[in-house]
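Written out below as structure tokens is the structure these notes cover.
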Amino acid sequence: MNGRPLRVVLVGYGPVGARFVEELLPAIVAGRAGLTVVGAEREDAYNRVLVAEYAVGATGRDRLDVTDTEAARAAGVDIRLGDVAVSIDRVRQRVVLEGGEELPYDRLVLATGARANIPTLDGLAHSRRDRAAAPGAALDHGARPLPTGVVALRDLADAEAVAPVVAGGGRIVVLGAGVLGMEFALLAAEHGAQVVVVHHGATPMGRNLDQPGGRMLSRAARTLGVGMAAHARAESLGFRDEEAGRVFDGVGCADGTYIPGDLLVLSCGVGPRVELALAAGLACSSGILVDEELRSWSDPDVFAIGDCAQVASPDDAGPDGRVPGAPSGLIGPGWRQAAALARRLRAEAAGGPAGTEAAVALRERPAAVMLKATGIDVVSGGDHASEPWDDDAEVTVWLDPVRGAYLKTVVREGALSGFVSVGLPHAGAELTLLFERGAALPAEPSALLRLDAADAGQAPTEDPLGPEATVCWCNGVSAGRIGEAVAGGCHTVEGIGRETRAGTGCGGCKGRIAGLLAAAQTIAK
């Protein structure tokens, strides 16, 4: 590069893109790299995981902030908000913006994220965006935007549409009973809305829970005021005419059931935004195909991170060219990818070898999935499909419908390989940490149940929150690091977050952080 700074262009300014900017700043400040950021939204980067909490009034707008855009600009980053990349000229190494401007690059990083899946229902036929559509300003809808009264709850505009309905105690229909759908349904009901979840399976969270665990969750949700419409196949939307035009009125199901509502929240999963990469001829499967160094299979100067990036080896491709797997869809792996790629580019900008020390594992160990909701504790991890009488694993099941509690553990080769916990917060927390560490169960697994007994006074069977234990998996923060922050004067969960970033991702670890703070305060007394 003849002594000039390494020119980096980043397309996408969500939470993963923002973390990449922060991690690359040292090279920019040192004059070794120049960075231009293209962000389609006019807002600074914010945490989409917390949009549902913001929509129902459970958290403030400031809690969604994940970066300091003005500080990055002051350090020399050129951040273009409200602009859209429409093509990539890989031969001339230029990113072309909607207005015609061309941005030269030496290294291009795609962090284009994902969009909500729009189901093929009568009434939404023209709202679904084809992933092969030409890149442009219409990032997330097809020929027409979603009808009035229908949202996917992916951005701040969606949150602003949800807020008045919740505040007014309106009727909300949630289509889909995955983790995010159930979290929103429980949040909205907690804050006064009338909520019905429509899903075609027998139980909610079918990808994460076995049937007994799902039935226990469904019963708990009903107790908390959420209607559950199981085995309901939505087919069409109903509309009513108002002065402002046609507005959502309800969902029609295959069995003739009509579920009325003032608002429909779509929670049918997400799909990576890959149209910019496809138009540029980059290899894509479910997401943009990148190797263990996050480099495109098709172009050594193009990288992808976050919800659009599918990390895989070319050896994984089948005879038909298809590549199994998908982007993780979780904020933690996206942040780790951003940090790893920034390390690689910092080393390159400094004139050293890029090396493999910046590479990320092809496949991260699956993280436990936690339902964040008041009044109900649900967490699962790994492969929990085995049954008690199977020969391939040691399976233990405990069920107490009266108490709303369910526990299942699966052990293979001496280590916890899968589990489901419903209504047992302390047992679930210990199992989560044992699973993430690849550890064994206690010698007497039934001791786990004592952790949630009314008269429990014993410490956990092991010390799952020892100094080396990871508390916040989104940001890789250990219990020891949190202890250091407490010793340094942080005495609230928010203070710990500002000091260490723990709890600022999905928020599922805040209970653990609060527990560590309480333990530290007890010791101090």
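Residue numbers for the sequence shown, in the working numbering: 86 to 610.
Backbone N, C-alpha and C fix where the C-beta goes; we use that ideal spot for every residue, glycine too.
Supposed close pair residue i, residue j - CB separation, criterion 8 Å
i: Ala453; j: Phe388; result: Going by Cβ atoms, the distance from Ala453 to Phe388 rounds to 28 Å, so no, they are not a contact pair.
i: Ala278; j: Gly263; result: Rounded, the Cβ-Cβ distance is 19 Å, inconsistent with contact.
i: Ile390; j: Val259; result: 30 Å between Cβ atoms; not a contact.
i: Leu348; j: Ile203; result: Their Cβ separation, rounded to whole angstroms, is 16 Å, which puts Leu348 and Ile203 out of contact at 8 Å.
i: Arg229; j: His211; result: 4 Å
i: Pro409; j: Asp401; result: 6 Å
i: Ala514; j: Arg597; result: 6 Å
i: Gly613; j: Ser321; result: Residue 613 is absent from the structure shown; the chain starts at 86 and stops at 610.
i: Pro90; j: Ala329; result: Their Cβ separation, rounded to whole angstroms, is 51 Å, which puts Pro90 and Ala329 out of contact at 8 Å.
i: Leu188; j: Arg179; result: 7 Å
i: Ala170; j: Leu379; result: Actually they do not touch by this definition, with Cβ atoms about 19 Å apart.
i: Leu374; j: Gln395; result: 5 Å
i: Leu492; j: Leu533; result: 7 Å
i: Ala274; j: Leu309; result: 6 Å
i: Val332; j: Ala196; result: About 35 Å separates the two Cβ atoms, so there is no contact after all.
i: Leu166; j: Leu149; result: At roughly 16 Å, the Cβ-Cβ gap does not stay under 8 Å, so Leu166 and Leu149 are not in contact.
i: Val93; j: Tyr190; result: 7 Å
i: Val251; j: His276; result: 5 Å
i: Gly198; j: Asp392; result: 5 Å
i: Leu526; j: Val480; result: Between Val480 and Leu526 the Cβ distance is about 12 Å, and since that is not below 8 Å, they are no contact.
Spatially closest choice to residue i from the options, by CA coordinates
i: Cys369; options: Lys457, Gly286 and Ser398; result: Ser398
i: Ala512; options: Arg522, Ala490 and Ala528; result: Ala490
i: Asp225; options: Gly593, Val282, Arg300 and Gly356; result: Gly356
i: Ala314; options: Gly88, His285, Glu328 and Gln395; result: His285
i: Leu265; options: Leu361, Leu415, Pro438 and Ser381; result: Leu415
i: Thr555; options: Thr459, Gly580 and Gly593; result: Gly593
i: Ser383; options: Thr154, Gly366 and Asp392; result: Gly366
i: Leu484; options: Arg292, Leu302 and Gly600; result: Leu302
i: Pro289; options: Val171, Val359 and Ala317; result: Ala317
i: Cys557; options: Thr152, Gly600, Gly88 and Leu536; result: Gly600
i: Val235; options: Phe324, Ala196 and Ala217; result: Phe324
i: Glu155; options: Gln296, Val122 and Leu182; result: Val122
i: Asn560; options: Glu327, Glu584 and Asp537; result: Glu584
i: Ser563; options: Arg586, Cys575, Asp240 and Val282; result: Arg586
i: Gly161; options: Ala125, Ala137 and Pro111; result: Pro111
i: Gly298; options: Ile461, Gly253 and Asp340; result: Ile461
i: Leu238; options: Arg148, Glu268 and Ile581; result: Glu268
i: Asp240; options: Gln296, Glu186, Arg213 and Glu126; result: Glu126
i: Val151; options: Asp163, Glu128 and Thr459; result: Glu128
i: Val507; options: Ala525, Arg522 and Val487; result: Val487
i: Ala219; options: Arg497, Leu363 and Cys591; result: Leu363
i: Ala339; options: Gly574, Met455, Leu206 and Pro527; result: Leu206
i: Glu498; options: His576, Pro530 and Ala478; result: Ala478
i: Tyr343; options: Arg304, Gly291, Val281 and Gln296; result: Val281
i: Pro451; options: Lys457, Gly466, Pro438 and Thr459; result: Gly466
i: Val482; options: Val93, Gln296, Asp376 and Leu109; result: Gln296
i: Arg304; options: Cys575, Val463, Leu120 and Gln606; result: Val463
i: Ile173; options: Val359, Ala223, Arg158 and Arg428; result: Val359
i: Ala604; options: Ser381, Gly590, Thr577 and Gly588; result: Thr577
i: Gly137; options: Gly574, Leu271 and Gly580; result: The question names Gly, but residue 137 in the sequence shown is Ala. That would be Leu271, whose Cα lies nearest to the Cα of Ala137.
Neighbour flag for residue i against chain C, beta carbons, 9 Å
i: Ser506; result: Absent from the structure is chain C; it holds one protein chain and no more.
Residue i - containing beta strand (DSSP E), residue span
i: Ile344; result: Tyr343 to Pro345
i: Pro357; result: Val355 to Pro357
i: Gly198; result: Taken as a continuous stretch (DSSP letters only), Gly198 belongs to no beta strand (DSSP E), as it is neither H nor E.
i: Arg30; result: For residue 30 there is no data in the structure shown, the boundaries of the chain being 86 and 610.
i: Thr555; result: Thr555 to Cys557
i: Ala118; result: Ala118 to Gly124
i: Ala314; result: Val311 to Ala314
i: Leu501; result: Ala500 to Val507
i: Gly323; result: Ala319 to Glu327
i: Cys338; result: Gly330 to Cys338
i: Leu348; result: Leu348 to Leu351
Boundaries of the alpha helix (DSSP H) in which residue i is found, first to last residue
i: Thr517; result: Pro510 to Glu521
i: Val281; result: Taken as a continuous stretch (DSSP letters only), Val281 belongs to no alpha helix (DSSP H), being part of the beta strand (DSSP E) at Gln279 to Val283.
i: Ser303; result: Gln296 to Thr308
i: Leu109; result: Pro100 to Val114
i: Thr585; result: Val578 to Thr585
i: Leu611; result: The requested residue 611 does not occur in the structure, where the chain is confined to residues 86 to 610.
i: Glu569; result: Ala564 to Ala572
Review point. Can you list the alpha helix (DSSP H) stretches of 4 or more residues lying completely in the region 139-187, in chain order?
Key: 154-159
Practice item. Answer yes if the region 417-436 comes into contact with the region 95-111, meaning at least three C-beta pairs across the two stretches below 8 Å, and no otherwise. Key: yes
Point to revise | Segment contact, 8 Å Cβ cut-off, at least three pairs: the region 566-576 with the region 111-127 | key: no
Point to revise | the region 235-245 / the region 138-145 touching (three or more Cβ pairs under 8 Å) | key: yes
Review point. Taking only runs of the beta strand (DSSP E) that begin and end inside the region 362-411, which ones reach a length of at least 3 residues, in chain order?
Key: 373-375, 387-389 and 394-396
Check your understanding: Can you list, in chain order, the stretches of the beta strand (DSSP E) that have 3 or more residues and sit fully within the region 415-498?
Key -> 454-456, 463-467, 479-485 and 490-497
Review point. Using 8 Å as the Cβ pair cut-off and three pairs as the minimum, do the region 496-512 and the region 462-475 touch?
Key: yes
**Study point:** Sequence ranges, beta strand (DSSP E) only - wholly within the region 208-267, length at least 3
**Key:** 256-260
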